[in-house]
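Residue numbers (UniProt numbering): 1 to 137. Worksheet: the structure to be examined is printed underneath.
As structure tokens, then:
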């Protein structure tokens, strides 16, 4: 079974793609009863928004990466908990990156992770460890 698309919601409700998009994304200019119908039909069809595509269109991100060394260490677990508590009211998503899996630092892993996070255009990166200057260039 294929995933329901915004076009499917548009066709099922009779509203334009523009109106459906604004309703699904909480935009202005959509009557409350229209928004309610669109959201109901989207749920019935099993429509799931593509957050990555939305982020690309908005050019703003809602994810923050936290880089740690050996994430199973209780220090980092407590630190992650605090970071998540602080970011939760803003509804930021926290992505964890561990550059010392099983307690063993891997320079190549650090380079790959930093590059991937930059490519992903995270809203921010919080590092709990000192990163190699070459990884940041």
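All C-beta atoms in this analysis are idealised placements derived from N, C-alpha and C, irrespective of residue type, glycine included.
The count of Cβ pairs closer than 8 Å, one atom from the segment 12 to 21 and one from the segment 33 to 41, reaches three, so the stretches are in contact.
Beta-bridge annotation (DSSP): residue 125 is paired with 65. Where residue 79 is concerned, the enclosing alpha helix (DSSP H) starts and stops at 74 to 87. Collapsing the DSSP output to three states places residue 96 in a strand. Fully contained in the UniProt domain "HTH lacI-type" (4 to 58) are the following alpha helix (DSSP H) runs of length 4 or more, in chain order: 6 to 13, 17 to 24, 32 to 45 and 51 to 58. DSSP places residue 117 in the uninterrupted alpha helix (DSSP H) bounded by 107 to 119.
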